[in-house]
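One structure is given here, and the rest of the page talks about it.
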Amino acid sequence: MKFIELTLKNHTILHGFDARNKEITEDVEVQEASKKLVAIDRILSLSEKFILIEYAYNRIIYWEYMEDYKSVKAILDKH
1 MKFIELTLKN
11 HTILHGFDAR
21 NKEITEDVEV
31 QEASKKLVAI
41 DRILSLSEKF
51 ILIEYAYNRI
61 IYWEYMEDYK
71 SVKAILDKH
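The sequence shown begins at 1 in full-length UniProt numbering and counts up one residue at a time.
Following this line, the structure appears as structure tokens:
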């Protein structure tokens with residue numbers, strides 16, 4: 001399994017959907033960003049501000065990352 005190190009901060013957890021198909025989310029704000037190793041095969045999407053990562057139990061998290069978009073994209077393109 002290949003990993004990428006990212007500096008992640010605030011995030012939104014998608015817990016699922018309600019009876020009306022509306023997202024059930026939880027916003028988490030933290031004081032400081034922290035470095036994390038992320039399995040590349042769990043990355044679903046990358047935008048200029050957020051990286052979408054899938055976790056166990058079908059939980060999806062939108063993480064705010066601190067690195068430059070082009071740098072992260074270049075690393076992912078290599079894998």
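Just so it is clear, CB atoms sit at the ideal spot from N, CA and C, and this is done for glycine as well.
Euclidean distance between Cα positions of residue i and residue j
i: Trp63; j: Val38; result: 11 angstroms
i: Leu44; j: Ile53; result: 6 angstroms
i: Glu23; j: Leu14; result: 7 angstroms
i: residue 155; j: Ala33; result: Limits of the chain in this structure are 1 at one end and 79 at the other, which puts residue 155 out of reach.
i: Arg59; j: Gly16; result: 7 angstroms
Which of helix, strand or coil DSSP assigns to residue i
i: Lys73; result: helix
i: Ala33; result: coil
i: Arg20; result: coil
i: residue 140; result: This structure cannot speak to residue 140, because the chain is shown only from 1 to 79.
Selection from the options that minimises the alpha carbon distance to residue i
i: Gln31; options: Ile40, Gly16, Lys9; result: Lys9
i: Ala74; options: Ile40, Tyr57, Phe17, Thr12; result: Ile40
Assigned exposure category for residue i - 16 Cβ within 10 Å defines buried
i: Tyr65; result: buried
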